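Those protein sequence lines, which keep their order, are chains A and B.
Heads up, the first sequence is in my numbering, so the first residue is 4 and it goes up one at a time.
Heads up, the second sequence is in my numbering, so the first residue is 127 and it goes up one at a time.
By construction, the Cβ of each residue, glycine as well, lies at the ideal position given by its N, Cα and C atoms.
Quick caveat, the model's predicted, so the values are computed rather than measured.
Heads up: the structure comes next, in structure tokens.
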Amino acid sequence: MTIHIPSALRSYTGQKSDVEADGRTVGEVLSALDRRYPGLRFRIITEQDTIRAHIRIFVNDEQARDLSAALRPDDQISIVCALSGG
Amino acid sequence: MRSSAPSVSPRPATGAVTVLIGTRKGAFFLRGDRSRRTWKLSHPLFLGQIVHHLVFDPRDRRTMLMACRTGHLGPTVFRSTDLGRTWQEAKTPPAFAKAPEGRNGRVVDHVFWLTPGHEREPGAWYAGTSPQGLFRSEDGGATWEPFSYINDDAKYREWMGTVQDGTPDGPKLHSIIVDPRDPAHVYFAMSGGGVHESVDGGKTWTPILQGLDVVEGFDRATATFHDPHCIRLCPSNPDRLYQQNHCGIYRLDRPSNQWMRIGKNMPKRIGDVGFPMVVHPRDPDTAWVFPMDGTGVWPRVSPGGKPAVYKTRNAGQTWVRLNKNFPKSQAWWTVKRQAMTADAHEPVGLYFGTTSGEVWASRTGGETWTCLARHLPEIYSVETAEL
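Have a look at this one:
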């Protein structure tokens, strides 16, 4: 499936905005991404396996609240940096 | 085992100095020549990353570690082994242990402090975090593990308090100091949570709180209420430490455990509140502070809008105001706890970065000052690398 990568994380993906990975859950997809792009997962997922405060993960148009969210092979995932900062 | 001989050469340094600057929006190098008269500011490194600390490794003289996060992304550590030309991210950044199922575990918000290990432990580094945690790397900062038991110890967790007990952007573990005579002798400080010492490589820790004041009405016997801002060990006499605390300036001469409030000798109109503390590389009687306004609601700016460094040459018995070339009025900045440092030249060079993004330097131990850079982002840390 396709995962959309925000600009803040493209230093990990060689500046690619869309990458491919497989998994049955959001957690599995992020683990697959981290194997290919080491370090990416920890920037968006805490050591307690929660999504960081200013990060949102959408599966198609639905927000995934945790890593257990189930996926279908044709789902599209977007990692989004929340509208915050300063 | 400790000995009385200091491990640091008393000879002054003579090489070129590079000032390493961590800011709220990236890192910068100020590269100087041997005379420390000519400086060149680099382009920003990691522009947009929040850099709490950027530290040079004096053991191999080529490694640097940088503590980073951004407003959105989690904390990490970047490493360079070629004096900052190229950088690699830590494979395993500092992180708390995963909590058992059903319990809330802690999450590192940012890595706040970095300290190279003892010279006999060439790959060792320590890191302090917010919320407060103590971590160690054995491989030059590539991988990190919790160090000792304190991160999950019930008593230490009580002393660390909650996010409401610390500084506005989170309580911080800082001032990790390794005795140059003994790698097993380590200090750290928690803001808030007090000063702590281990003489057995982190197997056990003991608070050192005697003589330290706390905010009126609180119990000084409780570590939670102590707020050390910055601790420095004198390299020329590792039995002497200086401390800038929320409640004053102190000196500790070991083996005593009794801090002495040498800030009582500061001018009353200035007070003895501040963030940084700097010690002389070869004279344990000489130290510098940068006072700030700790009255009323604690503005945390230069008292009266008139910045000044204060220097003691007699271990805190008297203090001298040093402000030549600083703004004479309407300068409402201050200097954060790891944003002031010294080089090892003769005379000693001093460097600090301000909350308003200026870098100031003195080639004369503070007698006269020059502004080396303006208009940088808010400066969080200033360290030197002598090459």
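Exposed unless 16 or more other CB atoms sit within 10 angstroms - verdict on residue i
i: residue 422(B); result: exposed
i: residue 464(B); result: buried
i: residue 349(B); result: buried
i: residue 292(B); result: buried
i: residue 212(B); result: exposed
i: residue 175(B); result: buried
i: residue 262(B); result: buried
i: residue 488(B); result: buried
i: residue 277(B); result: buried
i: residue 129(B); result: Below a pLDDT of 50, predicted positions are generally treated as unreliable, and residue 129(B), at 42, falls in that range; the measurement from the model is reported next regardless. With fewer than 16 other Cβ atoms within 10 Å, it is exposed.
i: residue 169(B); result: exposed
i: residue 451(B); result: exposed
i: residue 507(B); result: buried
i: residue 158(B); result: buried
i: residue 481(B); result: buried
i: residue 38(A); result: exposed
i: residue 398(B); result: buried
i: residue 322(B); result: buried
i: residue 280(B); result: exposed
i: residue 484(B); result: buried
i: residue 76(A); result: exposed
i: residue 183(B); result: buried
i: residue 434(B); result: buried
i: residue 27(A); result: exposed
i: residue 242(B); result: buried
i: residue 131(B); result: For residue 131(B), the predicted model reports a pLDDT of 42, less than 50, meaning its position is unreliable; a value from the coordinates is still stated below. Classification for residue 131(B): exposed.
i: residue 127(B); result: Residue placement at residue 127(B) is flagged as unreliable, the pLDDT there being 41, under the threshold of 50; a coordinate-derived value is accordingly withheld.
i: residue 289(B); result: exposed
i: residue 84(A); result: buried
i: residue 44(A); result: buried
i: residue 178(B); result: buried
Within chain B, partners of residue i - CB distance below 9 Å
i: residue 47(A); result: 198, 199, 200
i: residue 72(A); result: Those within 9 Å of residue 72(A) in chain B number zero; the least Cβ separation is about 18 Å.
i: residue 35(A); result: Under the 9 Å cutoff, chain B gives no residues; its nearest Cβ is about 17 Å from residue 35(A).
i: residue 85(A); result: 198
Listed by chain order, chain A residues near residue i by CB distance under 9 Å
i: residue 224(B); result: 50, 51, 52
i: residue 310(B); result: Near residue 310(B) there are no residues of chain A at all, since even the closest Cβ is about 28 Å away, more than 9 Å.
i: residue 139(B); result: What residue 139(B) touches in chain A: nothing, since even the nearest Cβ is about 36 Å away.
Contacts of residue i in chain A (Cβ-Cβ under 7 Å)
i: residue 297(B); result: Neighbours of residue 297(B) on chain A: none; closest Cβ ~17 Å, over 7 Å.
i: residue 217(B); result: 41
i: residue 267(B); result: What residue 267(B) touches in chain A: nothing, since even the nearest Cβ is about 13 Å away.
i: residue 233(B); result: 49, 50, 51
i: residue 193(B); result: Near residue 193(B) there are no residues of chain A at all, since even the closest Cβ is about 14 Å away, more than 7 Å.
i: residue 253(B); result: Under the 7 Å cutoff, chain A gives no residues; its nearest Cβ is about 14 Å from residue 253(B).
i: residue 499(B); result: Residues of chain A passing the Cβ test: none, with the nearest at roughly 22 Å.
Closer than 8 Å: residue i CB and nearest the ligand FMN heavy atom
i: residue 491(B); result: This structure does not include the ligand FMN; it has no bound ligands of any sort.
Anticipated Cβ contact below 8 Å, residue i with residue j, distance rounded
i: residue 470(B); j: residue 225(B); result: That belief does not hold up - the Cβ atoms of residue 470(B) and residue 225(B) are roughly 44 Å apart, past 8 Å.
i: residue 236(B); j: residue 255(B); result: 7 Å
i: residue 192(B); j: residue 180(B); result: 5 Å
i: residue 363(B); j: residue 410(B); result: 4 Å
i: residue 5(A); j: residue 40(A); result: Incorrect: roughly 15 Å between the Cβ atoms, too far for contact.
i: residue 297(B); j: residue 317(B); result: 6 Å
i: residue 166(B); j: residue 503(B); result: With a Cβ gap of about 19 Å, residue 166(B) and residue 503(B) do not count as contacting.
Partner residues on chain B for residue i, Cβ-Cβ distance less than 7 Å
i: residue 11(A); result: 196, 198, 199
i: residue 67(A); result: Those do not exist, as residue 67(A) stays about 17 Å from chain B at its closest Cβ, beyond 7 Å.
Proximal residues of chain D, C-beta to C-beta of residue i below 7 Å
i: residue 57(A); result: Of the protein chains in the structure, A and B, none is chain D.
Proximal chain A residues relative to residue i, where beta-carbon distance stays under 8 Å
i: residue 516(B); result: This structure does not reach residue 516(B), given that chain B is present from 127 up to 513, and the question cannot be answered.
i: residue 441(B); result: In chain order: nothing, as chain A lies at least about 42 Å away.
In chain order, which alpha helix (DSSP H) runs of at least 4 residues are fully inside the region 140-188 of chain B? Secondary structure within the region 140-188 of chain B: not one fully enclosed alpha helix (DSSP H) run of 4 or more consecutive residues is present.
Beta strand (DSSP E) runs wholly inside the region 434-507 of chain B, at least 3 long, in chain order: Qualifying beta strand (DSSP E) stretches, in chain order: 435-438, 446-448, 466-468, 476-479, 485-488, 496-499.
Would you call the region 378-392 of chain B and the region 439-453 of chain B touching, i.e. three or more CB-CB distances under 8 Å? yes
Could you pull out every unbroken beta strand (DSSP E) segment of at least 3 residues lying fully inside the region 293-370 of chain B, listed in chain order? Within the region 293-370 of chain B, the beta strand (DSSP E) runs of at least 3 residues that lie entirely inside it are, in chain order, 298-304, 312-317, 320-324, 354-360.
What beta strand (DSSP E) runs, 3 residues minimum, are completely inside the region 188-270 of chain B? 190-195, 202-206, 236-242, 251-256, 259-263
For the region 30-71 of chain A, list the beta strand (DSSP E) runs that are entirely contained and at least 3 residues long, ordered along the chain. 58-62, 65-67
Any contact of the region 221-236 of chain B with the region 40-53 of chain A, i.e. 3+ C-beta pairs under 8 Å? yes
Are three or more beta carbon pairs between the region 492-511 of chain B and the region 322-332 of chain B nearer than 8 Å? no
Do the region 364-371 of chain B and the region 424-436 of chain B make contact, defined as three or more Cβ pairs closer than 8 Å? no
Using 8 Å as the cut-off, can you tell me whether the region 345-363 of chain B makes contact with the region 300-313 of chain B, which would need three or more C-beta pairs spanning the two stretches below that distance? yes
Curious, which full-length beta strand (DSSP E) runs of at least 3 residues does the region 384-426 of chain B contain? 400-405, 413-417
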